[in-house]
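Peer 1:
2 protein chains.
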Amino acid sequence: MLETAAQRDDGPLLARVRDRIEAFASQYPARFAIVVFAVLNIIWTLLFMTPLATRGDEPPASFIDALFTAVSVICVTGLATVDMATHWSPFGNALVLVGVQVGGIGVLTLASLLGMTVARRLGLKQRLMAAGDTNPSRVRKGVVKEGQAIRLGDVGGLLKIIALSVLTIEAVLILLLLPRILLEGVPFWDALYQSVYYAFMSFTNSGFIPTVEGLTPYATDPWFLGVIMLGVFMGALGFPVYFVLLRNLKHPRLWSLHVKLTLFGSLGLFVAGGLAYLVLELGNADSWGDADFGQQLLQSLFMSTMSRSGGFATHDLSELNNSSLLVTDMLMFIGGGSASTAGGVKVTTLMILFLAAIAEARGRKSMEAFGRRIPSDVLRLAVSVVLWGATIVAASTILLLQITHEPLDYVLFDVISAFATCGLSTGFTHGDLPWAAKAVLAATMFVGRIGSVTLAAALAASQTQQLFTRPEERPIVG
Amino acid sequence: MLETAAQRDDGPLLARVRDRIEAFASQYPARFAIVVFAVLNIIWTLLFMTPLATRGDEPPASFIDALFTAVSVICVTGLATVDMATHWSPFGNALVLVGVQVGGIGVLTLASLLGMTVARRLGLKQRLMAAGDTNPSRVRKGVVKEGQAIRLGDVGGLLKIIALSVLTIEAVLILLLLPRILLEGVPFWDALYQSVYYAFMSFTNSGFIPTVEGLTPYATDPWFLGVIMLGVFMGALGFPVYFVLLRNLKHPRLWSLHVKLTLFGSLGLFVAGGLAYLVLELGNADSWGDADFGQQLLQSLFMSTMSRSGGFATHDLSELNNSSLLVTDMLMFIGGGSASTAGGVKVTTLMILFLAAIAEARGRKSMEAFGRRIPSDVLRLAVSVVLWGATIVAASTILLLQITHEPLDYVLFDVISAFATCGLSTGFTHGDLPWAAKAVLAATMFVGRIGSVTLAAALAASQTQQLFTRPEERPIVG
Ligand SMILES: [K+]
Ligand SMILES: [K+]
Chain X
1 MLETAAQRDD
11 GPLLARVRDR
21 IEAFASQYPA
31 RFAIVVFAVL
41 NIIWTLLFMT
51 PLATRGDEPP
61 ASFIDALFTA
71 VSVICVTGLA
81 TVDMATHWSP
91 FGNALVLVGV
101 QVGGIGVLTL
111 ASLLGMTVAR
121 RLGLKQRLMA
131 AGDTNPSRVR
141 KGVVKEGQAI
151 RLGDVGGLLK
161 IIALSVLTIE
171 AVLILLLLPR
181 ILLEGVPFWD
191 ALYQSVYYAF
201 MSFTNSGFIP
211 TVEGLTPYAT
221 DPWFLGVIML
231 GVFMGALGFP
241 VYFVLLRNLK
251 HPRLWSLHVK
261 LTLFGSLGLF
271 VAGGLAYLVL
281 ELGNADSWGD
291 ADFGQQLLQS
301 LFMSTMSRSG
311 GFATHDLSEL
321 NNSSLLVTDM
331 LMFIGGGSAS
341 TAGGVKVTTL
351 MILFLAAIAE
361 ARGRKSMEAF
371 GRRIPSDVLR
381 LAVSVVLWGA
391 TIVAASTILL
401 LQITHEPLDY
411 VLFDVISAFA
421 TCGLSTGFTH
431 GDLPWAAKAV
441 LAATMFVGRI
451 GSVTLAAALA
461 ASQTQQLFTR
471 PEERPIVG
Chain H
1001 MLETAAQRDD
1011 GPLLARVRDR
1021 IEAFASQYPA
1031 RFAIVVFAVL
1041 NIIWTLLFMT
1051 PLATRGDEPP
1061 ASFIDALFTA
1071 VSVICVTGLA
1081 TVDMATHWSP
1091 FGNALVLVGV
1101 QVGGIGVLTL
1111 ASLLGMTVAR
1121 RLGLKQRLMA
1131 AGDTNPSRVR
1141 KGVVKEGQAI
1151 RLGDVGGLLK
1161 IIALSVLTIE
1171 AVLILLLLPR
1181 ILLEGVPFWD
1191 ALYQSVYYAF
1201 MSFTNSGFIP
1211 TVEGLTPYAT
1221 DPWFLGVIML
1231 GVFMGALGFP
1241 VYFVLLRNLK
1251 HPRLWSLHVK
1261 LTLFGSLGLF
1271 VAGGLAYLVL
1281 ELGNADSWGD
1291 ADFGQQLLQS
1301 LFMSTMSRSG
1311 GFATHDLSEL
1321 NNSSLLVTDM
1331 LMFIGGGSAS
1341 TAGGVKVTTL
1351 MILFLAAIAE
1361 ARGRKSMEAF
1371 GRRIPSDVLR
1381 LAVSVVLWGA
1391 TIVAASTILL
1401 LQITHEPLDY
1411 VLFDVISAFA
1421 TCGLSTGFTH
1431 GDLPWAAKAV
1441 LAATMFVGRI
1451 GSVTLAAALA
1461 ASQTQQLFTR
1471 PEERPIVG
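Structure representation (structure tokens):
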């Protein structure tokens, strides 16, 4: 025993640092995630501020623009206060590409890591086990044994698996995009760069665009838009879903409840959103409302996919009906799947609320879905996440309304887009915004990205024992 | 036994009708409430359409304006598509005054009635018992015995108590307002009419105004505005709160949890709302932002009180900063106390959500407040009520944006005002709105008023037994 302790103290510096980090990460997983994310954002801000990052003819980025871009990149949001296609040098563009991968995959990993370290003390390993489990009958109750918990050291292996599958999917997307871009007459190396850029941006749900002309050349192209939609949709499902699908794609009976809820919710929102845009934009000549039906359908479904975190747009969103903008606000706020590159309060969170209302209406004791009973403490977590999200959005919107006096239609849209790291914009977010407004938006992006993941983990971790029971009393509700 | 049945069949028609109604009311309390409310609205619509209701020089009200006014009056909302001060004859004005009393007190009674009939099958008599109970130690668990349930016949007595206390409070308000109006040089009978009108409108949280000049003569008067605020604030507390306060005003230790939550929440929102308006309107010369501090404080607190269902306004709300409008949206959506004349999702509902988040953050097993434990099924009810409210507001706003293309700032404001029967308006609601827009707003008022009361009762009533238990599984949230 004593020997081991001495060994540790005398060990190489790196090992000791790792031990320290490991201790911190496992004791305060939520704070650890926040620190890692904050450090990433600071590094990227400093790098974007160097003269090396901007093009030769541009002055170095100001602090606030560098900060905004860094946060937008690391949080895979896609909002911009500078022209992303012309402002940055090749080094700056490399920062963007690496940043979205680190930010996108990093959150995936951190989320899983958090789920696991938290699990150690709580038996909430179930959270991930249930989601990644291949055999529904193996779903457990109660506290998981200490020995089953995964330590920081094991995360390396997990990261490898995630990175490998992410890069594989992105490679497929590149292969699907490259011929289409070449067909447009773009030289090979430019086309390769653009297809890598689009593949990364769609799968990580970032939504930045590599060229000045943006999506214009492909704005009506089913192939190009279809591939982008596929990348965004898959990226928004989340790691626990891939994990199950990779192993049991052909055996839906073995899918976990989390997978079924996420797939059902995502497809449902995809179709419902598409229908809403189709109906609301019908006849609007400023968007796609007077195109032929096939185009209307394509654009509506594209918009529906991009709302829930993709962030690409084929049209000037300020030209859409403001009813469509409100629908987009709602879709963005919901966002994608848990532990995914998408933002928002998450599909399953919303579904838990509706399942609770359904159970209440049917007079059932528990929430139920796909033949499974959902424990009622999950509802409390879902309520906390939504309440926290609504509070952030409300506070940020009030501040920005007060700073800019711009219409609520546009301010609310860009705030929710920032919160849910969606990146769509009505034009409210631009370079001439006051310093304070950019800072509020950057803070909203940061809190929005780090929040729902760490909040859920932090809340789940703070279980305290209570030795007495208070008398019960029932207030009137509604 | 046989004799009794025969006696019933041969009894007077009235008694048989009463029996039928009683059976329907106790079996389907929620449907009963909806039918009563719908019938009231139809009667008032027809009456408002008669030539007798409009002034001699005005044409009879159109169907849609009569419907809108009827719904606005019966639901004590206060929105108007005609000039309420000039459009109606003395008979029309009498309809308005009687309507708000029937609507305001009617809902109080119906809500209590529902709480009690529902209780019979559910043990949810606790809901009202707990709220009206004078002795916290008497709080019960489990199902209340059949014999304790209150039948429709008992409601007459309850209605008498409510009507008596309502009329007493309104009489006090009249006595406080009359001298101030006389001081303005208004002839005695006009002044009496106006003070009755204002007293009714403030205590029932209706917010209609009897004169063309509106609140202008008293727009800066602390006495007049103070009395109106008092009336609105008391009206918004709700019957279960008066019930306890009347009996134990001086013994806060005996107050029920519902009373404490409602008072704490109402005062908290009053102060927080006032502070928000004070800060956000500071320096806005178009509202009260450049008045002296006393006036700024008075106007901010007045606005804070009126937002949560009063509906009176001293200023043109479209001149307020749109940050203030969003704050108002939030306050209106929350609304007043349960079983009160105020609308919204109710103060306790919101507090349950926050108590759930606090319990989650502190890692407690149950929600707690004022030394009491709140059962977790209350959270499910609260989530259902808020989800239902948000869905109504979202659907109505999307429809009205699509119909009118007006800015979201104004449309959302008037929709929430209609939903929460608040009656404040930015000017979006006016006589020249398209037919469809008026219909959507009227439907929103009706659903908003009848909804949270009957929804809570209906949901609580639909308890079904389940004889099997499904396997438990835990999806990832956030
Ligand atoms: K994005
Ligand atoms: K009102």
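The listed protein sequences correspond, in order, to chains X and H.
This note's numbering puts the first residue of the first sequence at 1, with every later residue one more than the last.
This note's numbering puts the first residue of the second sequence at 1001, with every later residue one more than the last.
Even glycine gets a Cβ: it sits at the ideal position worked out from N, Cα and C.
As the structure is a computational prediction, the values presented were derived from the model and not from experiment.
1. Taking Cβ-Cβ distances shorter than 9 Å, what residues in chain H pair up with R380 (chain X)?
2. Assuming contact is defined by CB atoms lying nearer than 8 Å, are L480 (chain X) and A395 (chain X) in contact in what I supplied?
3. Which two residues bound the contiguous alpha helix (DSSP H) that contains M84 (chain X)?
4. Taking 7 Å as the cut-off, is the beta-carbon of S206 (chain X) closer than that to any non-hydrogen atom of ligand 1?
5. Verify the CB distance criterion: does H251 (chain X) have a CB-CB separation below 8 Å to chain H?
6. Taking 8 Å as the cut-off, does the segment 308–315 of chain X touch the segment 228–238 of chain X (at least 3 CB pairs, one atom from each stretch)?
7. Tell me which same chain residues have a C-beta within less than 6 Å of the C-beta of A66 (chain X), skipping the five on either side of it?
8. Check whether the Cβ atoms of L1379 (chain H) and R16 (chain X) sit closer than 8 Å, and answer yes or no.
9. Starting from Q1402 (chain H), find everything on chain X with Cβ-Cβ shorter than 7 Å and list it in chain order.
10. Rounded to whole angstroms, what is the Cα-Cα separation between E480 (chain X) and W189 (chain X)?
11. Quick one: is G1273 (chain H) buried, meaning 16 or more other Cβ sit within 10 Å of its Cβ, or exposed?
12. At the 8 Å Cβ level, is S1396 (chain H) part of the contact set with chain X, yes or no?
13. Are any of the Cβ atoms in chain H nearer than 8 Å to that of H315 (chain X)?
14. Please check the pair Y198 (chain X) and I228 (chain X), which I expect to be a contact at CB under 8 Å, by giving their CB distance rounded to whole angstroms.
15. Can you grab the Cα-Cα spacing for the pair I162 (chain X) / Q101 (chain X), in whole Å?
16. Between I74 (chain X) and G92 (chain X), is the Cβ-Cβ spacing less than 8 Å?
17. Would you tell me roughly how many angstroms separate the C-alpha atoms of S1376 (chain H) and M332 (chain X), rounded to the nearest one?
18. Go ahead and label P434 (chain X) buried or exposed: buried means 16 or more other beta carbons lie within 10 angstroms of its beta carbon, across all protein chains shown.
19. If you draw a straight line from the C-alpha of M445 (chain X) to the C-alpha of Y410 (chain X), how long is it?
20. Would DSSP call E22 (chain X) helix, strand or coil?
21. Starting from the C-beta of S1300 (chain H), find all residues in its chain whose C-beta is less than 6 Å away, skip the five residues before and the five after it, and write them out in chain order.
22. Which residues does DSSP pair with T479 (chain X) in a beta bridge?
23. Let me know the secondary structure DSSP gives Q1148 (chain H) once reduced to three states.
24. Check the Cβ-Cβ distances between L433 (chain X) and every residue of chain H, and say whether any is below 8 Å.
25. Start and end of the alpha helix (DSSP H) containing V271 (chain X)?
26. Using a Cβ-Cβ distance cut-off of 8 Å, determine whether V383 (chain X) contacts chain H.
27. Using a C-beta to C-beta distance shorter than 8 Å, which residues of chain H count as neighbours of P482 (chain X)?
28. If we count Cβ pairs, one from each stretch, closer than 8 Å, do we get three or more for the segment 279–297 of chain X versus the segment 312–325 of chain X?
29. Does chain X have any CB closer than 8 Å to the CB of G1123 (chain H)?
30. At a cut-off of 7 Å, would you count S202 (chain X) as near ligand 4, judging by its Cβ distance to the nearest heavy atom?
31. Can you confirm whether the segment 1390–1404 of chain H touches the segment 410–425 of chain X when touching is taken to mean that 3 or more C-beta pairs between the two stretches lie within less than 8 Å?
32. Taking a contact to mean a Cβ-Cβ separation below 8 Å, would you say V1271 (chain H) touches V1259 (chain H) in this structure?
33. Kindly list the residues whose CB is nearer than 7 Å to the CB of G207 (chain X), restricted to its own chain and excluding five residues on each side of it in sequence; keep chain order.
34. Please list, in chain order, all residues of the same chain as L1261 (chain H) whose beta carbon is under 8 Å from its beta carbon, the five residues on each side excluded.
35. What would DSSP say about V143 (chain X), mapped onto helix, strand or coil?
36. Throw me the rounded Cβ distance for the L1215 (chain H) and T1314 (chain H) pair, which I believe falls under 8 Å.
Peer 2: Short version:
1. If you number the first sequence from 1, residue 380 (chain X) lands on position 380. Those are A1356, A1357, A1359, E1360, M1367, S1376, L1379, listed as they occur along chain H.
2. Since the first residue shown for chain X is 1 and the last is 478, residue 480 (chain X) is missing from the structure and cannot be characterised.
3. Translated into the one-based positions of the first sequence, residue 84 (chain X) becomes position 84. Start and end: 84–87.
4. Here residue 206 (chain X) refers to the residue found at position 206 when the first sequence is read from its first residue. Yes, the Cβ of S206 (chain X) comes within 7 Å of a heavy atom of ligand 1.
5. Taking the first residue of the first sequence as 1, we reach residue 251 (chain X) at position 251. By this cut-off, H251 (chain X) is not an interface position.
6. Taking 8 Å as the limit for Cβ pairs, the verdict is that the segment 308–315 of chain X does touch the segment 228–238 of chain X.
7. Position 66 of the first sequence, counted from the start, is the residue given in the question as residue 66 (chain X). Excluding residues within five positions, the ones whose Cβ falls inside 6 Å are T45, F48, M49.
8. As a first step, residue 1379 (chain H) is located in the second sequence; it is residue number 379 there, counting from the start. As a first step, residue 16 (chain X) is located in the first sequence; it is residue number 16 there, counting from the start. No, they are not a contact pair.
9. As a first step, residue 1402 (chain H) is located in the second sequence; it is residue number 402 there, counting from the start. Simply L280, N321, S323.
10. Absent from the structure is residue 480 (chain X), since the part of chain X shown begins at 1 and ends at 478.
11. Counting from 1 along the second sequence, the entry for residue 1273 (chain H) is found at position 273. G1273 (chain H) is buried by the Cβ-count criterion.
12. On the second sequence, position 396 is the one that residue 1396 (chain H) refers to. Output row for S1396 (chain H): interface = no.
13. Position 315 of the first sequence, counting from 1, holds the residue named residue 315 (chain X). By this cut-off, H315 (chain X) is not an interface position.
14. Numbered from 1 along the first sequence, position 198 holds the residue referred to as residue 198 (chain X). Numbered from 1 along the first sequence, position 228 holds the residue referred to as residue 228 (chain X). Correct: roughly 7 Å between the Cβ atoms.
15. Numbered from its first residue, the first sequence carries residue 162 (chain X) at position 162. Numbered from its first residue, the first sequence carries residue 101 (chain X) at position 101. The alpha-carbon atoms of I162 (chain X) and Q101 (chain X) are separated by roughly 11 Å.
16. As a first step, residue 74 (chain X) is located in the first sequence; it is residue number 74 there, counting from the start. As a first step, residue 92 (chain X) is located in the first sequence; it is residue number 92 there, counting from the start. No, the pair does not count as a contact, with Cβ atoms beyond the cut-off.
17. Walking along the second sequence from the start, residue 1376 (chain H) turns up at place 376. Walking along the first sequence from the start, residue 332 (chain X) turns up at place 332. Cα to Cα, the separation comes out at about 30 Å.
18. Counted from its first residue, the first sequence places residue 434 (chain X) at position 434. By the 10 Å Cβ count, P434 (chain X) comes out exposed.
19. Sequence index remark: in the first sequence, residue 445 (chain X) carries index 445 (1-based). Sequence index remark: in the first sequence, residue 410 (chain X) carries index 410 (1-based). About 17 Å.
20. Locating residue 22 (chain X) in the first sequence gives position 22, counting from the first residue. Under the three-state reduction of DSSP, E22 (chain X) is assigned to helix.
21. One-based indexing of the second sequence puts residue 1300 (chain H) at position 300. G1274, Y1277, L1278, listed in sequence order.
22. Any question about residue 479 (chain X) goes unanswered here, given that chain X covers just 1 to 478.
23. Position 148 of the second sequence holds residue 1148 (chain H). Low confidence applies here, because Q1148 (chain H) scores a pLDDT of 34, under 50, leaving its location unreliable and the question unanswered by this model.
24. In the first sequence, residue 433 (chain X) corresponds to position 433, counting from 1. No, no contact with chain H.
25. Mapped onto the first sequence, residue 271 (chain X) falls at position 271. Taken as a continuous stretch (DSSP letters only), the alpha helix (DSSP H) holding V271 (chain X) covers 257–280.
26. Locating residue 383 (chain X) in the first sequence gives position 383, where the first residue counts as 1. Closer than 8 Å to some Cβ of chain H, the Cβ of V383 (chain X) qualifies, so yes.
27. Because chain X is modelled from 1 through 478, residue 482 (chain X) falls outside the range shown and cannot be assessed.
28. yes
29. Position 123 of the second sequence, counting from 1, holds the residue named residue 1123 (chain H). Because G1123 (chain H) carries a pLDDT of 34, less than 50, the predicted location of this residue cannot be relied on, and the following value inherits that uncertainty. No - not a single Cβ of chain X is within 8 Å of the one on G1123 (chain H).
30. Ligand 4 is absent from the structure shown, which contains only ligand 1 and ligand 2.
31. no
32. Stepping through the second sequence from its first residue, residue 1271 (chain H) is reached at position 271. Stepping through the second sequence from its first residue, residue 1259 (chain H) is reached at position 259. Contact flag unset, no.
33. Taking the first residue of the first sequence as position 1, residue 207 (chain X) is located at position 207. Scanning its chain for C-beta atoms nearer than 7 Å, with the 5 sequence neighbours on each side dropped, one finds around G207 (chain X) the residues G78, M201, G310, G311, F312, G423, in chain order.
34. Taking the second sequence and counting its residues from 1, the one referred to as residue 1261 (chain H) is at position 261. Hits under 8 Å: V1347, T1348, M1351, A1369, F1370.
35. The residue labelled residue 143 (chain X) in the question sits at position 143 within the first sequence. In this prediction, V143 (chain X) has a pLDDT of 35, which is less than 50 and means its spatial position is unreliable; what the coordinates show is noted afterwards. Correct three-state label for V143 (chain X): coil.
36. Indexing the second sequence from 1 puts residue 1215 (chain H) at position 215. Indexing the second sequence from 1 puts residue 1314 (chain H) at position 314. The beta-carbon distance between L1215 (chain H) and T1314 (chain H), rounded to whole angstroms, is 5 Å. This is short enough to meet the 8 Å contact definition.
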